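Residue numbers (the numbering used here), protein chains in the order written: chain A, 147 to 470; chain B, 147 to 470.
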């Protein structure tokens, strides 16, 4: 047989304690640990076939053949898999998201988690979860958090060996909903890779990093105890800390747009009125509005009334990356 | 003669390197030095009459008698003047701004600068500029910067004696314009006094304070050399640093509204296109858009096109507080 094939699915994730800045840029060893929740309603499905007859790696994204930077990044990643498995044939990669690209849902996390699993199985590797998480990290830092299921912590570690993510609560542990308010589908001017690279140019980054261990503990405990009040306070504070670093880095990155701020202010008002809801924002203008699942219909209606909100996607907690 | 009277005018100022947080809350010794420009088109005119026949201090603001917290604050301030001059009669204070209240122009700076001068002259004190600046500081921190003229630096000092502001360039030195885009006239939820008090609850304030001496030097040099590019870069960076502290303090203060962000983003685009313009924002949602005066017509038109901008006020550099 001259082809080896496998298919896997993985979910994107939303970070409550954010990843921003690398200790080692090439290996994507982060400057700080992070905590996230997988988004079960959204997924990437990826098939990998190593085929000795291929003259080069091939990539199909959402049904379209890709020969640009995306193929280059995937090919570089497959080199790591080939090296580990002593395989030397090229591969055909087909990847499909069930959510639109460029909507502020980081597709690189689910994409590289699914690719890690599909490629390693196709290559005949039988990796345990932590090694799969380590591998996914090499493709995209936050992808390592999409390998385990539910509520996940990425211990920063200090080398390729000890920097990976583990689950600390199952998807069923806490019925949260992420209502993602899309305010712009435009491609962001400064991508995450470049952003991580300049994080240290902010005079505030060092202090942010110093605070993170206490943020991790506070957030982890709040999730384990399902204490929404503490969860909301630390999640928003950590988000504000990251954006404080972004806007004071060189060059200054301000990812927010006017509706971003309208949503942030509205969420604070809703919480004051007694609704268990808070916001978090990645490196983009869209707002992840997190609430207890029972309130999601209410929150989605409220969000749709805010000028500038184009659409709202939603998801509960999701499971680990898995073969299908 | 049983009445002593004097009248003075003073301008508000806009800070390019911001004052946020106190080393000594009661004496208003700031945590950091600051740099500002007086706004010549705007002023407060204040008359003070010490009158032995009065049974209490009296305050008239914009033609209306005031018996609330404003009178209390003025009366407490007059106590300092009475103590210094060994005067013991009450005073009638009449104060008028030529700009509307609650428009994001801090009227407390011009108000206490004018009051300091009028009250000290009426009380027979002949204070030199630095002592007048020290006195104004006791009423409102930033008022000490409205005592000298033009471009002003407030050296933080460490005691009541050495914390005052001096002019380092005349109003004629550089023809800048401040185009103030008013996006909300609502009273802010958290005033500056409370804000200064909680500045240290942000984990980022210490690092901000550490950076300020280099900000002061960079801003002062840029003004002296009329180097708009450096001036714009340091002014926006310092503004972003202060708001980074505000949004990460406890409670978190987010003063921006959606149009605030629209203006910030627009100003950056205009500067990229070659217009010498930058933004700075105090503890409120309105945006001070600073440009070389030759561009102000253009900037005002552009600002008026941004949704959410209610009106634009403008001013060039102004002189010192003075008796009339």
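Positions of the beta carbon are idealized from the N, C-alpha and C atoms, including for glycine. As the structure is a prediction and not an experimental result, all values here were calculated from the model.
message = Need the endpoints of the beta strand (DSSP E) that residue 432 (chain A) sits in, please.
response = Element bounds for residue 432 (chain A): n/a, residue is neither H nor E.
ask   = What did DSSP end up calling residue 175 (chain A) once you bin it into helix, strand or coil?
value = strand
inquiry  = Taking 7 Å as the threshold (beta carbon to beta carbon), is residue 408 (chain A) in contact with chain B?
reply    = yes
ask   = Any residues in the stretch 376 to 387 of chain B with a beta carbon nearer than 8 Å to a beta carbon of chain A? Which ones, in chain order?
value = 382, 383, 386, 387
ask   = Going by the CB atoms, is the gap between residue 442 (chain A) and residue 368 (chain A) shorter than 7 Å?
value = no
query = Can you round the beta-carbon distance between residue 160 (chain B) and residue 181 (chain B) to whole angstroms, since I take them to be within the 8 Å contact cut?
reply = No, residue 160 (chain B) and residue 181 (chain B) are not in contact; Cβ-Cβ is about 10 Å, not under 8 Å.
query = Based on the DSSP output, what are the partners of residue 391 (chain B) in its beta bridges?
reply = Answer is none; residue 391 (chain B) lacks a bridge partner.
request  = Identify whether residue 374 (chain B) lies in helix, strand or coil by the three-state DSSP scheme.
outcome  = helix
ask   = What are the start and end residues of each continuous beta strand (DSSP E) run of 3 or more residues lying completely inside the stretch 216 to 297 of chain A, in chain order?
value = 236 to 243
request  = Return the residue from the list A:289, A:366, A:350 that minimises the CA-CA distance to residue 338 (chain A).
outcome  = A:289
task = Run through the stretch 309 to 353 of chain A for me and flag every whole beta strand (DSSP E) of 3 or more residues, listed as ranges in chain order.
result = 310 to 315, 322 to 328
request  = Determine the extent of the alpha helix (DSSP H) in which residue 412 (chain B) is found, giving its start and end residues.
outcome  = 404 to 418
request  = Take residue 440 (chain A) as the anchor and find which of A:276, A:320, A:277 has the nearest alpha-carbon.
outcome  = A:320
key: Any chain B beta carbon closer than 7 Å to residue 350 (chain A)   = yes
task = May I ask you to report which of helix, strand or coil DSSP gives residue 302 (chain B)?
result = coil
request  = Would you identify the three-state DSSP class for residue 455 (chain A), choosing helix, strand or coil?
outcome  = coil
query = Can the beta-carbon of residue 240 (chain A) be found closer than 7 Å to that of residue 292 (chain A)?
reply = no
key: For residue 448 (chain B), three-class secondary structure by DSSP   = helix
ask   = Given residue 311 (chain B), which residues of its chain have a CB within under 7 Å of its CB, disregarding the five upstream and five downstream residues?
value = 279, 290, 291, 293, 294, 298, 299, 300
query = Is the stretch 409 to 426 of chain A close to the stretch 381 to 401 of chain A, with three or more CB pairs under 8 Å?
reply = yes
message = Against chain B, does residue 402 (chain A) count as a neighbour if the rule is that its beta carbon must be under 7 Å from one of theirs?
response = yes
request  = Would you mind telling me which residues of chain B sit closer than 7 Å to residue 466 (chain A), beta carbon to beta carbon, in chain order?
outcome  = Those within 7 Å of residue 466 (chain A) in chain B number zero; the least Cβ separation is about 33 Å.
query = Applying a beta-carbon distance threshold of less than 7 Å, which residues of chain A neighbour residue 463 (chain B)?
reply = Going along chain A, no residue has its Cβ under 7 Å from residue 463 (chain B), so there is no contact; the nearest lies around 26 Å.
task = Using the DSSP secondary-structure output, state which residues sit across from residue 182 (chain A) in a beta bridge.
result = A:161, A:298
request  = Look at the Cβ atom of residue 349 (chain B), then the Cβ atom of residue 463 (chain B), and state whether they are nearer than 7 Å.
outcome  = no
query = Taking 6 Å as the cut-off, does the CB of residue 272 (chain A) come closer than this to any heavy atom belonging to the ligand NAP?
reply = The model depicted lacks the ligand NAP and carries no ligand whatsoever.
query = My guess is that residue 334 (chain A) and residue 252 (chain A) are in contact by the Cβ rule of under 8 Å, so how many angstroms apart are they, rounded?
reply = Rounded, the Cβ-Cβ distance is 11 Å, inconsistent with contact.
ask   = Helix, strand or coil: which one does DSSP assign to residue 360 (chain B)?
value = helix
message = Buried or exposed, going by whether 16 or more other CB atoms sit within 10 Å of the CB of residue 150 (chain B)?
response = buried
inquiry  = When you compare the CB of residue 202 (chain B) with every CB in chain A, is at least one pair closer than 7 Å?
reply    = no
query = Taking one C-beta from the stretch 225 to 239 of chain B and one from the stretch 164 to 174 of chain B each time, how about it: are there three or more such pairs within less than 8 Å?
reply = no
key: Endpoints, the beta strand (DSSP E) within which residue 193 (chain B) is located   = 190 to 197
request  = Please list the residues of the stretch 409 to 435 of chain B that have a C-beta atom closer than 9 Å to any C-beta atom in chain A, keeping them in chain order.
outcome  = 410, 411, 414
inquiry  = Looking at chain B, is there any beta carbon in it that lies within less than 7 Å of the beta carbon of residue 345 (chain A)?
reply    = no
query = Residues of chain B with a CB under 8 Å from the CB of residue 256 (chain A): which are they?
reply = None at all; the shortest Cβ gap to chain B is about 30 Å.
request  = Using 10 angstroms around the beta-carbon of residue 328 (chain A), count the other beta-carbons present and answer buried if the total reaches 16, otherwise exposed.
outcome  = buried
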